[in-house]
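Written out below as C-alpha cells is the structure these notes cover.
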Amino acid sequence: MLPLKATNDFVVKFANVNGSGSASANQLFAKAILRMGIPIASRNIFPSNIQGLPTWFEVRVSGEGHLGRRGGVDMAVAMNPQTWDRDVAEIEPGGYLVYDSTKPLPASRFRDDITVLGVPLTELCNARYADARQRQLFKNIMYVGALSSLLGIDPAVVERLLAEQYRGKEKLAASNREAFHIGRDWAAAHLAPIGLRLERADKVGNRIYVDGNSAAALGAVYGGATVCAWYPITPSTSLAEAFERYCRRFRTDPDQRKRYAIVQAEDELASLGIVIGASWNGARAFTATSGPGISLMQEFVGLSYFAEIPAVIFDVQRAGPSTGMPTRTQQSDILAAAYASHGDTKHVLLLPEDPRECFDFGAAAFDLADRLQTTVFVMLDLDIGMNDWLCEPFAWDDAKRMDRGKVMTAEMLEAGATFGRYLDVDGDGIPYRTYPGTHPTKGAFFTRGTSRDRFAKYTEHGPAYVDNMQRLLRKFETAKTLVPAPIERKASRATPYGVIYYGSTSAAMREALVGLEEDGIHLDAMRIRAFPFHDDVGRFIAAHETVFVVEQNRDAQLRTLITTECGIDPARLVPILHYDGTPITARFIRAAIGRHASALDVVPLRRTVP
Amino acid sequence: MSYLKPTLHHPKLPTNALGLTRRDYEGSISTLCAGCGHDSISAAIVQAVWELSIPPHRVAKLSGIGCSSKTPDYFLGASHGFNSVHGRMPSVLTGASLANRDLIYLGVSGDGDSASIGLGQFAHLMRRGVNMTYIVENNGVYGLTKGQFSATSDKGSKARKGAVNTDEPIDLVALALELGATFVARSFSGDKNQLVPLIKGALTHQGVAFIDCISPCVAFNNHEGSTKSYDYVREHNEAVNRLDVFFDRMPITASYAPGEMIEVTQHDGSVLRMRKLHEEHDPTDRVAALNYLARHKAMGEIVTGLLYVDPHPEDLHHHLGTVATPLNRLDDAALCPGAAALEEINAALR
C-alpha cells in the first residue's frame, strides 16, 4: 500500500482524553492552517463529561473549500490509549499514525498498511519539565510542533498565533514557543517527509472562524435583546454564556451598570416564562435551549402563540428523544418546534446554515418576533453551535433600526386611535399591542391564555374563537412574506430531479452536488431557510418529478412538514436521512442519492466509483 | 363572563391625592361565588392602591390559573393584567419586572397555583427578591375543579364530602421566610382592617413582599371540619400586631407602653407602624419570626399580621446591577454596538 499523497486536502483526527488541555493545542493547529490561507472544517467529538473520557478533534483540510465533514481519517494523532484500537482502525489505508512512542508498543497494535510516526512526547516532556501539569500541557504543544514539521506548517505563523493568544503574558508565550520547537525540531531530525503536505494558498480570504452559538449570541446583542433567561443544557449553554460575554463588553455603562439582564432560571419552564413576561412588557428577550428544554416549554409556547407575545428561542438541537446523546448533533426538533404546544399552533422557524446566518437570523429573530407577536425559533444544531466554522464575516448596517412591530403609543391613544388588542386593522392578521403603563385611562387590557374577543374581553363564544383562530392563520400567511426566502441553485442542465436541504447539512450538500454532477446525476437544489414555507417551495417541488429531502433525523421531519403544509404527495419527496449523531457527510449524501437515483432510473453519464 | 360596570358614581365619593375615587380602581364584576373570600381581597386591593394614590396604570397585575388567578380582572381595570399559565406567574412576573423596573408589580395566586404546581417558581422568585407584592389567596382547596385538597390543606382537615387530608400542609409563610422574602405577612380575607394596611405596606416595600391571605371557599371548604372555614379561622386567628402605613410621620395619638410600638421606615419614605399584640414577637428578626411561627403553629394558632420586614431590602435589579432606565426603553444606540465594533470582532476571529 502506497502512502497517501495529498496537498491541502486531507483529514487529521486528534484522539485525546478530555480535560488534558488538548483543546487549545488542537485549535492552534487548526488556526495555523487557516492563517496559511487554506480552508479547514473542524469538529469536536466529545463526551458529556468534564475529565477523563475520550474526546476527538477532527480537522478537514480542504483547499477546495469544502466545509462539511468528509468522513475517513488520513492522519490520526492518537494520544488516548483507551481508544487506540478504534483510532488506528479508522485510518484510511495508506494513512498515517502519529503517536507517543515513549513506551514501546507491540507490532500487533499497529497496521502494516499505514505509516507509523512515533514521537517520544512523554520522554521529551519529562526531560524538559518537572511539574506534572506542565508535562501534560506541553505534550500537546509538542505534537503540534511535530505536525508542523511533518505537514509543513510555517513556524512563524504558529509563533504569531502564540503571541496573540498570550498577549501580555510573555512568559507563557515563550514556554509554549519552546515546547512547539522541541516537537518540531525532534520531528525534523528524526522523521522522513510524508505524503501529506500543506502549501500556502489564498483560499480563506476575509472569512472568519467562529462557532454558531457565539454568533447567535452576538446576533441577539445586535438585535437588541436585553433579557436572557436560560437553564444550562448542552449544547446551548455556550450561547447564553457568549451573550453574557458580549454584553459585558458592549453593554456596560461607565458606572458598571448593565444595559441587560441575564437570569439563570430554575428550569426551562421558568426560562420561557421570564422571556414571555419581559416581552409582554416591551423588552426583547430570549432563551437558549435544546430538545429536552423545548419539551418542557410546550405550554408557554402555546401561550405565546395565542396571547400573541413575542419570544425568541434558540434551539441548539442534539440527538433525542428524551435526554439522549447530549453531545451529538441532529436536526430532530423540527416538528416539535413547528407545532409546539397543545391545541392548533404553528410557529416560525429560522434555519441557519452556518455561524454567519446564526448571527443574521439571531438578530432578525427579534424583529420578526416583535412584528409577528409570536414565538420565533432559531434552529441551530450542535454541529453549527459548538464547532468553529469558516464563514463570511459578520456585517451590520448602522442605518438599521429595530422594528418593534405594531405598538400603540400613548400619543396614538390620545389622538383617538381605536385599540382592539386582537383587532386586525390592516388585514395582515397582526393586531396592535400596548405596553403596560402606557396611558392612564386608555389601552389597558387583560392578557389571557383563554379565549377572548377582538377587544380582549373574555368569551367562550364559538364564533369569536374561530374568528381569532382564522386571524392567526392570516398572520402566519403574513409571516411567509417576512421570513428569509429559500435559496435555489440550478443544476448545470435541465433535470427532473431536485433536492431540498437546510441548516448544517448545507456544507456537505454543496460538496455532494459537485460529486453527484461528476457521477452524472444532476439536481436542482433548494436550501430552505425558514418555516412557514415560502411559496417558492411548492413551486420548486411542482417543477420536479422527484425531490430528495436531506435531513439529519430519523423521521424525515422537514419532509413531513412540507407534505402537510404544502399539500404535497409524499411519494414525490424521497427522504435522505442521516441520524447517528455525527454530522452528515458529502460521501453519505452522494452515495444515498446515487442509490436512489439509479433506482429511479437516472442513467448516469459517467459513473465514478469512489 | 365579564360585564361592563356603569362608570357613573356619586359626586361626593371621596377622592385621593390624584383626584380619583375608589371606583376608578375597580375592575369588571366578579364572577366568583357570592361570599367568596377572594372578592374581599380584591376589594382590599382596590382600597389599598386607592389610599396610596398610585395611578392605576402604573400597576401591572399578574396571575396564574385558578379562582384566585381570575381576580385581577376584578380590580384595577386601568392596569394591564396577565392571566398566565398555571403555577407560572412568578416567572412571567420576573420577566416583566426585568423589562420595566418603574412599574409596580402585583402577583395574585392561589394555594394550588403557588404551593402545588408552582411551588418551584414560588421558591425561586422569593430567592431572587423580585420587587413585587405576592398575594396568595389561600383556601386550601381546588375550587375551579370542584373541591380537591390543595397542598396547604391542614393534616386532618375534612373535605366537604368527608374525606380527611392525610398529607402535611405546606406553610408558604414559613417557606417565604426561609427563602429570603423581605416582607412576610399572613392575613384573613374576613379582616379588612388588618389586610388593607398589609397590602399597602407590601406595595410600598421595595423588595419581595409576600402575603398569605386565608380566604375561605364558600362552595367547597367552609364546612364543619375544615381548617380554612370562616368560623375556624376566626376562632384560631392570633394577630401578632396591627399595622398602619404612613407617608408623613403622623403624631402618635394614643399612648403606648414602651416596646409596644415598632416603626420601620422603608426606602420610599413610607413608615410601617406596628402596634404589638404579642410581646414576644419581633417583626425585624427573621429567625425569631420563624421560631415564633413554629411555636404558635404547634399551639394550633393561625398567626397573622406582619411577621417579618427587612427595612433595607435588596431586589433582583440591585443584584443584577441593571441601569436605572427601564430596559424596555433602551434604544438602538444603547443596545447595538454597531458596524465598527463588529469589524473588531471579525478581526479577532481570523
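In order, the protein sequences belong to chains A and B. Under the working numbering, the final residue of the first sequence carries the number 610; numbering is consecutive throughout. Under the working numbering, the final residue of the second sequence carries the number 1350; numbering is consecutive throughout. Quick reminder that beta carbons are idealized off the backbone N, C-alpha and C, glycines included. A quick note: this is a predicted structure, and the numbers were derived from the prediction, not measured.
Your pair Leu335/A and Leu561/A checks out as a contact, with CB atoms roughly 7 Å apart and the cut at 8 Å.
Not a single unbroken stretch of the beta strand (DSSP E) spanning 3 or more residues falls wholly within the region 129-191 of chain A. For Gln1194/B, the enclosing alpha helix (DSSP H) stretches over residues Lys1192 to Thr1204.
Taking 7 Å as the cut-off between beta carbons, the residues of the region 1326-1343 of chain B near chain A are Leu1327, Asn1328, Leu1330, Asp1332, Ala1334, Leu1335, Cys1336, Pro1337, Gly1338, Ala1339, Ala1341 and Leu1342, in sequence order. Taking a C-beta cut-off of 9 Å against chain A, the contacting residues of the region 1100-1122 of chain B are Asn1100, Asp1102, Leu1103, Gly1120 and Gln1121, listed in chain order. From the beta-carbon of Pro292/A, no residue of chain B is found nearer than 9 Å; the closest lies around 17 Å away.
Collapsing the DSSP output to three states places Gly118/A in a strand. Counting along the chain, Cys247/A sits inside no beta strand (DSSP E); it lies in the alpha helix (DSSP H) bounded by residues Thr237 to Phe250.
According to DSSP, residue pairing for Phe286/A in a beta bridge involves Cys228/A and Val312/A. Using beta-carbon distances, Ile1345/B counts as an interface residue toward chain A, with a partner under 9 Å. In this structure, Gly1180/B sits away from Gly1066/B, with a CB-CB distance that is not shorter than 9 Å. Boundaries of the alpha helix (DSSP H) around Pro1090/B: Met1089 to Ala1099. Membership of Glu58/A in the beta strand (DSSP E) is indicated by the continuous run Pro54 to Ser62. Only those residues of the region 1209-1224 of chain B whose C-beta falls short of 7 Å from the nearest C-beta of chain A would be listed, and there are none. Interface with chain B (9 Å Cβ-Cβ cutoff): Asp253/A is included. Close to Arg245/A, with beta-carbon spacing below 8 Å, lies no residue of chain B; the smallest spacing is near 11 Å. By DSSP's assignment, Asn1138/B forms a beta bridge with Ile1214/B.
For chain B, the residues of the region 368-399 of chain A that bring a beta carbon within less than 9 Å of one of its beta carbons are Asp388, Pro393, Phe394, Ala395, Trp396, Asp397 and Asp398, in chain order. The contact set of Gly1321/B on chain A, defined by CB atoms closer than 7 Å, consists of Gln256, Arg257 and Lys258 in chain order. Contacts with chain B (Cβ-Cβ distance below 7 Å) from the region 275-286 of chain A involve Val275, Ile276, Gly277, Ala278, Trp280, Asn281, Gly282, Ala283 and Ala285, listed in chain order. For Phe29/A, there is no enclosing beta strand (DSSP E); the residue is found in the alpha helix (DSSP H) stretching over Ser22 to Arg35. Counted as a single uninterrupted DSSP element, the beta strand (DSSP E) harbouring Phe446/A occupies residues Phe446 to Arg448.
For Ser1109/B, the enclosing beta strand (DSSP E) has its first and last residue at Ile1104 to Gly1110.
Rounded to the nearest whole angstrom, the CA to CA distance from Glu92/A to Val116/A is 13 Å.
Here the alpha carbon of Asp1231/B sits roughly 26 Å from the alpha carbon of Tyr1308/B.
A residue is called buried once 16 or more other Cβ atoms fall within 10 Å of its Cβ, and Gly293/A is buried on that count. Counting the other Cβ atoms within 10 Å of the Cβ of Ala365/A gives 16 or more, which makes it buried. Nearest to Ala220/A by alpha-carbon distance, out of Ala369/A, His439/A and Ala156/A, is Ala369/A. Setting aside the 5 residues that flank it on each side, Asp333/A is surrounded in the same chain by Gly291, Ile294, Asp315 and Gln317, each with a C-beta closer than 6 Å to its C-beta; the list follows chain order.
Sorting Ala592/A, Gly68/A and Leu198/A by C-alpha distance to the C-alpha of Thr505/A places Gly68/A at the top. Contact of His439/A with chain B is assigned, a C-beta pair being separated by under 9 Å.
Within the region 1243-1303 of chain B, complete alpha helix (DSSP H) segments of at least 4 residues are found at 1286-1298, given in chain order. If you compare the alpha carbons of Met75/A, Thr83/A and Pro155/A with that of Asn176/A, the shortest gap goes to Pro155/A. Non-local C-beta neighbours of Ser492/A in its own chain, meaning closer than 8 Å and more than five positions away in sequence, comprise Glu517 and His522, ordered along the chain. For the region 1078-1091 of chain B, the set of residues with a beta-carbon nearer than 7 Å to any beta-carbon of chain A comprises Ala1078, Ser1079, His1080, Gly1081, Phe1082, Asn1083, Ser1084, Val1085, Arg1088 and Ser1091, in chain order. Excluding five sequence positions before and after Leu351/A, the CB atoms of its chain that fall closer than 7 Å to its own CB belong to Met379, Tyr502, Gly503, Ile528, Arg529 and Ala530, given in chain order.
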